[in-house]
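In full-length UniProt numbering, the protein residues as written are 1 to 417.
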């Protein structure tokens, strides 16, 4: 619900499945024989505890960072094939920033892993591209990456998959990876605007009709067709929203539960009620990673753009931002002083410059597009529209019926901001 004048109508009648609309009620239901098939929808909030910047986070978000430093003509250009053919540098830089091993999975990712370990997780649908679900140990057969991920890559021309280790080496050396079959440019495995969702998305979404419980975690349910998934579960299926704000129509059904707050904190409370807290902490401890350091010898004697400093902060393009993401015990944004930046700032060419040079040496940008004088004009699109394509393909979005026939009531809770 994006209209600030729109009222969110919350159900205020009795529950039908749950004993109560709170953490205790959810825990009791999860322990019952009725709750066997659990589905999860994950968004950017699930990775907030890992320190991964949200695309739309003011000033520190990935959109703001990339727009300012890599000269993107408009935000969505980062995920458009036409622009990638013209200039792969921004997406390569993003891939290096989010490459597996850069960030540690959060407690929320570990919670999803625990659901899988206990045999109740059927499918986790994620709109994140950071692959932290994989890193947390969520089985790949239980995972659907609706927008792709940086953990895979393929040729833009012949679609041939490219070896992950070779891709990583190329990115860290500042090279444009080339397909071994046809010589085409290799792109990270994220879904571009206009591309259909992965086949697994369409196939597995049908299963939601048999869900016993749905967790919606860290997503505002804006982007389609991902947002429509929350409407596909049965009317009597409890839906649990764990997020900082309302999302979609969650709260309008009799057994919807709103657990508003930071994802990791709410997940810890739920696991405490389930008796899983110790296991959650133990499994999360196993995910600890050390920030890798890109050795200068790996980059032809030059320091990389995304050089990981001893403190664990990331320098995106050789020109230090005001703040950097630190991989410390609290996974919070840490502020670096001018002296810190002067000491840690790369003294040689950035990855951006090396990628640009490599691209120019291998193939001129003009050969990627019909008109070498092409101009990419900024569109009047907000950062929220990263994946906000409204076309649903074969999907028919099913809206929840806000009215019921047995006297159930709905309560208006005020204007949304």
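Note that CB positions come from ideal geometry on N, CA and C, so glycine has one too. None of the values given here were measured: they were computed from a predicted structure.
* To do: Kindly indicate which residue of 163, 145, 160 has the alpha-carbon position closest to the one of residue 44.
  => 145
* Could you tell me which residues DSSP pairs with residue 166 in its beta bridges? => Beta-bridge pairing links residue 166 to no other residue.
* Asked: In terms of residues, what are the limits of the alpha helix (DSSP H) holding residue 202?
  -> 199-205
* the region 149-162 touching the region 106-116, judged by at least three CB pairs closer than 8 Å -> The answer is no - the region 106-116 does not touch the region 149-162, with fewer than three Cβ pairs under 8 Å.
* Using 8 Å as the Cβ pair cut-off and three pairs as the minimum, do the region 201-215 and the region 116-125 touch? -> yes
* On the three-state DSSP scale, how would you describe residue 94? -> helix
* How is residue 264 classed by DSSP in three states: helix, strand or coil? -> helix
* Check the DSSP bridge columns for residue 154 and list the partner residues they point to. => 161, 187
* Residue burial classification, residue 25 (beta-carbon count within 10 angstroms, cutoff 16) -> Under this definition residue 25 is a buried residue.
* Asked: Does the distance from the C-beta atom of residue 36 to that of residue 211 stay below 7 Å?
  -> no
* Asked: According to DSSP, what are the bridge partners of residue 145?
  -> 126
* Nearest to residue 214 by alpha carbon, out of 224, 201, 229? -> 229
* Asked: Would you call the CB atoms of residue 46 and residue 250 closer than 7 Å?
  -> no
* Asked: Within this structure, are the beta carbons of residue 19 and residue 136 separated by less than 7 Å?
  -> no
* Asked: Do the region 236-250 and the region 218-225 touch if we need at least three Cβ pairs shorter than 8 Å?
  -> yes
* Specify the secondary structure class of residue 109 as computed by DSSP and reduced to three states. => Note: residue 109 maps to helix in three-state DSSP.
* Asked: Which residue's Cα is closest to the Cα of residue 181: 158, 189, 165?
  -> 158
* State the Cα-Cα distance for the pair residue 259 and residue 98, rounded to the nearest angstrom. => 28 Å
* Asked: Going straight from the alpha carbon of residue 234 to that of residue 278, what length do you get?
  -> 33 Å
* Asked: Tell me which same chain residues have a C-beta within less than 8 Å of the C-beta of residue 282, skipping the five on either side of it?
  -> Excluding residues within five positions, none has a Cβ falling inside 8 Å.
* Segment limits, alpha helix (DSSP H) that includes residue 23 -> 23-31
* Segment limits, alpha helix (DSSP H) that includes residue 214 -> Element bounds for residue 214: not the alpha helix (DSSP H) but the beta strand (DSSP E), 213-217.
* Note down, in chain order, each residue of its chain lying with its Cβ closer than 7 Å to the Cβ of residue 368, except the 5 sequence neighbours on either side. => Since pLDDT at residue 368 reaches only 40, below the 50 mark, its modelled position is unreliable, and the value read off the structure follows with that caveat. Excluding positions up to five away in sequence, the list reads 85, 86.
* In angstroms, rounded to a whole number, what distance separates the CA positions of residue 90 and residue 108? -> 29 Å
* To do: Run the CB neighbour count on residue 187, radius 10 Å, all protein chains shown included, and call it buried at 16 or more, exposed below.
  => buried
* To do: Give a yes or no on whether the C-beta atoms belonging to residue 191 and residue 147 are separated by under 7 Å.
  => When the beta-carbon positions are compared, residue 191 and residue 147 come within less than 7 Å of each other.
* Any idea if residue 160 is buried or exposed, counting beta-carbon neighbours within 10 angstroms, 16 or more meaning buried? -> exposed
* Residues bridged to residue 38 by DSSP? -> 121, 213
* Of the choices 100, 199, 126, 105, whose alpha-carbon is the least far from that of residue 167? -> Residue 167 has its Cα closest to that of 100, out of 100, 199, 126, 105.
* Asked: Which first and last residues belong to the alpha helix (DSSP H) in which residue 280 is found?
  -> 277-285
* Distance, Cα to Cα, residue 16 vs residue 237? -> 10 Å
* To do: Please confirm whether residue 95 and residue 40 have their CB atoms less than 7 Å apart.
  => no
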